[in-house]
Amino acid sequence: MMPYFKQLLIWIVILTGYRAYAQLPDSIIVLKQVEIRASRILEKQSSTRSTQKIDTFTLKTYSTNSINELLSKSTNITINQYGASGLSSVSMRGGNANHTAVLWNGFNIQDPLNGEFNLALSTVNIIDEMSINYGGNSALYGSGAVGGSIELSNKALYNSGFKASISQSIGSFGKLSTMGKISYGNEKLFIRTRLFRSSIKNDFEYKNFAKNGFPMDTLKNSAIEQYGLLQEVNYKITKKQEISAQIWLQNNERELAPNMTVTNGYAKQYDKSYRMATTWNRKSQKLDLEVKNGAFYSQIQYISPDINLDVIHTSFNNITDAIANYKFTKKHSTLFGINNNYVQAESDNFNNIEKLNKTAFFLSYKFDLKNKILLTSNVRSETVNSDFKPLTYGLKFEYIILKKLSINTNISKNYRTPNFNDLYWIGAYAKGNPDLEDEEGMSADLGLNYEIAFDKLSINTNITGYYSQFNNLIHWQPQGNFWTPENKKLVKTKGIEFRLQSAYGITKNMSLFLNANYTYTDSKLKEKADNESDNVLNKQLIYIPYYQANGLLGFSYKKLRADIILKYVGQRYTTADNNNWLDKYITTDLNISYTYNYKDFGINGFIKINNIFNTEYMVREWYPTPLINYEIGLKFMYN
Amino acid sequence: MNLKFNFLMMLALASVLLFSACEKESTKEDDKKPPVEEDKGYSEGVLIANEGSFGAGNGSISYFDNDKKDVTNKIFNTVNNLPLGDVVQSVYRGETNTYICVNASNKLEVVNSKTFETIATISDLPLPRYAVEKDGKLYVSCWGNGGQVKIIDVASNSITDSIMVGTGPEAVIIIENNLYVANSGGFALDSTISIVDLSNNNVSTVDLGAYNPSSMTINADNNLCILAKGSVIYDASWNIIGHNPSKLIIISPTANTISTTVDLFSDKHPAHLAISKNKESIYYGGGYGFDGIFKIDYNATTAPSMALISGMFYGFLVNNTSDNIFALEAAGGSNGKLIRYSNDGTKIDEFEVGIFPNGGTSKRIGRN
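Have a look at this one:
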């Protein structure tokens with residue numbers, strides 16, 4: 064272990080020019096842990112010490128980047144993206160994108176048609192808080208929260224007065240990102256408007272491993288353009304009551320680059336999403352009430368001139384929640400909720416306007432012996448189009464061994480309702496199956512948390528071992544002349560997740576930061592589909608690396624901050640029989656940021672250098688990724 | 003002191019994770035340098051086209067050695083250190099070079115027949131399917147642009163001309179100075195073959211009275227045998243409401259008229275056709291949802307009711323060296339199987355081949 068430590072010290076020295084690391088500073092710096100108090104009842108109920116809260120610095124660092132970029136560089140989530148402009152799908156604990164719930168202000172915003180939410184299309188600067196729950200949570204969050212859930216939230220800042228900021232960044236391959244933000248907050252009212260626009264040509268050069276002699280090629284048909292608005296209004300009716308509304312409108316135009324083995328491609332996609340969330344809540348000593356409604360409209364148009372295809376899929380998704388949380392005593396509380404989800408979808412590939420009406424009841428009991436024991440048990444009953452579904456449940460237990468050390472365990476039964484494409488798709492050689500059943504999952508984990516915050520040092524670390532199982536997985540296979548989905552597969556996953564966040568104050572003005580995430584994922588297929596060979600059994604799932612890690616090494620001096628970010632992804636198999644694979648890779652990024660404040664005004668400048676060492680790697684087989692690239696930006700702030 | 007120690011331990015632990023990962027990294031160039039190849043005898047045995055999974059770029063060619071009786075997979079990829087591409091539809095042995103139609107990659111790979119070393123990549127072919135060569139010209143059927151045959155100059159490997167044919171042109175065969183193109187209908191319907199007079203590229207059409215001709219061969223009488231696979235008829239909601247039957251049609255190339263029509267199935271749709279070594283037995287079968295490989299005498303007028311070999315095969319071919327049947331079984335996105343049968347339907351052995359194997363070519367004899 065010693066040589067590694069020396070190596071690390073050398074890195075720090077190179078980085079900072081600060082040679083006297085061993086000399087302990089005598090000044091005092093307090094590095095506060097980021098404490099997020101969940102305002103929504105369900106979040107509060109599901110948040111534990113093992114919940115990963117993305118710190119404000121990370122949110123700021125990736126503010127002009129997509130959410131998937133942030134997740135891939137600073138969490139244990141596996142991200143697979145089809146090329147620079149393609150769909151980005153997330154995987155947690157061996158599940159696929161359909162098994163990861165993405166919640167915005169408490170609403171699941173996975174597309175009802177394909178069950179995915181494209182994290183590559185949302186920039187970090189439209190949200191204020193992000194937290195991740197690893198493991199299933201269907202009893203509270205419903206369908207889709209099988210492998211884990213990602214919570215994106217907007218946060219009201221009462222009493223913040225008038226604030227405004229505008230930021231502009233430019234980067235390699237024609238990247239431009241603009242965000243204007245203006246807000247006002249007094250005791251009762253908070254209003255914020257964000258306007259954003261970003262575009263990138265993605266015309267980067269890459270070594271074409273699919274062509275003889277590996278020539279440098281320029282990526283074509285890969286541009287993205289997006290713009291939108293996020294409007295929030297929060298109003299405190301009384302001391303106890305609050306209403307809020309958020310409106311998020313976004314348009315995206317994307318060219319979809321084919322893989323390197325295809326000589327040309329002209330496919331395009333237009334995604335439009337209009338989202339509105341409204342919430343009323345009342346908080347008191349004994350009883351918390353929350354009623355909220357989310358209305359989401361989405362339109363996807365896919366155009367491929369090569370095969371003469373121009374199709375439109377639209378969906379309207381309405382989610383209503385009513386939740387009451389009653390505290391019997393300081394220790395005992397119980398929660399009761401009703402959730403209704405109505406979806407209506409129309410597609411060139413559906414016969415009819417397809418509908419879904421789900422109503423769920425959930426009940427949760429919490430025993431909270433402050434600073435000693437936290438026990439939460441949840442149960443959910445759901446009816447889909449008036450069919451009763453089996454009960455789902457979850458149990459969380461947290462035991463605080465010492466003040467800094469806690470142990471926690473989660474056991475849950477989870478499910479995913481088949482998405483509309485699986486049920487209703489109609490087209491040449493492919494046909495959905497309306498008789499599909501829910502995918503089901505079980506997951507159990509055991510974790511240790513260690514948290515300390517001293518004058519100079521703060522550490523937050525977690526190590527978790529888990530086991531999860533997905534049954535009845537939906538798989539498309541040929542049946543006669545058609546491809547049709549059936550509930551076929553069984554996947555068993557076991558793994559370890561480790562994360563560390565630490566900060567150390569060297570002097571009053573100088574600090575060091577170290578973050579690390581590491582996962583081991585052993586995800587094996589135990590039951591296969593009919594059209595697969597026996598060779599796929601007991602093999603690692605495709606595109607899920609056994610080993611994955613990322614880390615951040617940061618240094619700050621006054622308002623200057625520099626970080627090195629490393630990301631390692633191990634070997635990934637690309638076919639189910641594990642006969643083909645992609646090599647492991649490591650990328651290194653450097654971020655430098657400086658903030659200057661004068662009275663109520665501030666200016667922040669940053670430079671990012673991604674993939675400094677020109678690593679040639681592939682995330683998805685034969686889809687190129689950029690070599691070294693840059694982004695610089697400026698942000699002007701008032702108040 | 004204790005506190006400091008803890009922190010250092012954490013740092014060390016994290017750095018082990020980060021740096022040990024760093025050390026094992028190897029560079030791509032070293033792995034991917036193409037070696038110099040010698041004659042591997044690839045011009046002799048059977049080549050199998052493995053489509054690969056759509057969108058994954060993992061199509062490949064497998065090679066069956068007639069003497070050693072073994073299979074080498076991914077020969078193009080191994081020899082050239084390159085992926086072959088997305089959906090490998092067919093492989094064709096020309097006079098000197100071998101041609102591989104890579105459908106979704108919109109390209110044709112030209113390789114040295116003996117070594118499989120790459121010679122050229124011809125791009126901008128709209129969904130190429132099958133190829134045939136005559137007099138220094140290669141004719142490639144393409145589904146794109148409403149159905150075309152592209153003409154490629156073999157010496158320069160460049161596209162020189164294109165001819166409009168029917169919908170979804172599939173198999174191509176040259177007899178004398180005529181190019182026969184089976185118009186398979188693509189994703190729709192067509193009931194014709196196109197005949198191109200190669201002296202002037204004029205196109206004439208023969209209606210077969212049967213839908214979706216896809217596969218062709220030449221029998222002992224030197225007649226053209228065409229498998230019209232028929233089709234499933236759907237209503238607007240894609241419910242099955244009927245079938246266009248599958249038929250075997252024999253055409254005399256001198257008059258270009260139908261001499262015989264053999265009704266195969268009223269509601270089943272075999273996709274592939276092959277001929278025995280002596281050209282006196284015709285085999286048909288394989289394709290999505292079709293069970294078995296059937297054998298019929300080359301001049302029979304009625305179809306057998308029993309399959310020679312039962313099983314769901316994605317494709318098959320007959321090895322013209324041994325007269326054995328090479329049945330190909332797909333296994334989803336994983337490697338499929340080659341199962342060898344003797345010409346009486348007895349299983350010989352089986353081998354692992356690439357992903358979605360759909361057909362191939364045996365030793366080049368004569369022109370086709």
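So the sequences go chain by chain: A and B.
Oh and the first sequence: position 506 is 569 in our numbering, straight run, nothing missing.
Oh and the second sequence: position 88 is 90 in our numbering, straight run, nothing missing.
Heads up, the beta-carbon is just placed ideally off N, CA and C, and yes, glycines get one too.
Since the structure is predicted, the reported quantities are computational estimates derived from the model, not experimental observations.
- Burial check for B/Thr348: the Cβ neighbour count within 10 Å stays below 16, so the residue is exposed.
- CA-to-CA, the gap between B/Asp72 and B/Val81 works out to about 18 Å.
- According to the DSSP secondary-structure assignment, B/Met308 is paired through a beta bridge with no residue.
- With fewer than 16 neighbouring CB atoms inside 10 Å of its own CB, B/Ala257 falls in the exposed class.
- In chain order, Phe56, Gly57, Gly87, Asp88, Val89, Leu129 place their CB closer than 8 Å to the CB of B/Ala106, counting only its own chain and leaving out the 5 sequence neighbours on each side.
- For A/Ile489, the nearest CB of chain B lies under 8 Å from its own CB, placing it at the interface with that chain.
- Note: A/Asp518 is not bridge-paired with any residue in the DSSP secondary-structure output.
- Put simply, the backbone Cα of A/Lys116 is about 6 Å away from that of A/Met193.
- Counting only unbroken stretches of 3 or more residues, the beta strand (DSSP E) elements lying wholly within the region 240-305 of chain B are 242-246, 248-254, 259-267, 274-277, 283-287, 293-299, in sequence order.
- Sequence-distant partners of B/Asp265 (beyond 5 residues in either direction) whose C-beta falls short of 7 Å from its own C-beta, in its chain, are Pro247, Lys249, Ala305.
- Our two residues, A/Asp191 and A/Lys671, have alpha carbons roughly 21 Å apart in a direct line.
- A/Asn473: member of the beta strand (DSSP E) spanning 468-479, first to last residue.
- About 16 Å separates the Cβ atoms of B/Leu84 and B/Tyr65, ruling out a contact at the 8 Å cut-off.
- Of all residues in the region 595-629 of chain A, the ones placed with a Cβ closer than 7 Å to any Cβ belonging to chain B are Glu595, Ser596, Asn598, Val599, Ala612, Gly614, Leu629, in chain order.
- Distances from the alpha-carbon of B/Glu40 to those of B/Lys116, B/Ile298, B/Leu275 put B/Lys116 closest.
- Collapsing the DSSP output to three states places A/Pro687 in coil.
- A/Ser574 has its alpha-carbon roughly 36 Å from the corresponding atom of A/Leu432.
- In terms of Cβ geometry, A/Leu511 and A/Ile474 do not form a close pair [threshold 8 Å].
- In the structure shown, B/Asn337 falls within a strand segment according to DSSP collapsed to helix, strand and coil.
- Where A/Ser201 is concerned, the enclosing alpha helix (DSSP H) starts and stops at 201-204.
- Taking a 10 Å sphere around the C-beta of A/Tyr648, we find 16 or more other C-beta atoms and assign the residue as buried.
- As computed with DSSP, A/Val153 is found in a beta bridge with A/Ile142.
- For the pair B/Val112 and B/Ile63, the Cα-to-Cα distance works out to about 13 Å.
- Comparing alpha-carbon positions, the option among A/Val599, A/Tyr680, A/Pro175, A/Ser521 lying closest to A/Asn420 turns out to be A/Pro175.
- Contact between B/Ile357 and B/Ala329 is ruled out by a C-beta separation of about 16 Å, above the 8 Å threshold.
- Residue burial is scored here from C-beta neighbours: A/Leu563 has at least 16 other C-beta atoms within 10 angstroms and is therefore classed as buried.
- Taking a beta-carbon distance threshold of 8 Å, A/Asn139 does not count as an interface residue toward chain B.
- DSSP places A/Leu577 inside the beta strand (DSSP E), whose first and last residues are 573-590.
- Proximity of B/Asp137 to chain A, defined by a Cβ-Cβ separation below 8 Å, is not satisfied.
- B/Tyr290 belongs to the set of residues whose beta carbon lies under 8 Å from a beta carbon in chain A.
- The region 200-260 of chain A contains, as complete beta strand (DSSP E) runs of 3+ residues, the segments 211-216, 224-234, 238-248 (chain order).
- Nearest to A/Leu468 by alpha-carbon distance, out of A/Tyr513, A/Lys429, A/Phe391, A/Ile436, is A/Tyr513.
- Not a single CB atom of chain A sits nearer than 8 Å to the CB of B/Ile367.
- In this structure, the CA atom of B/Ser164 is about 13 Å from the CA atom of B/Asp199.
- By the criterion of a C-beta distance shorter than 6 Å, A/Glu409 is surrounded in its chain by Thr377, Ile416, once the five residues flanking it on both sides are discounted.
- Ranked by Cα distance from B/Glu282, the first of B/Asn79, B/Gly288, B/Phe292, B/Asp325 is B/Asp325.
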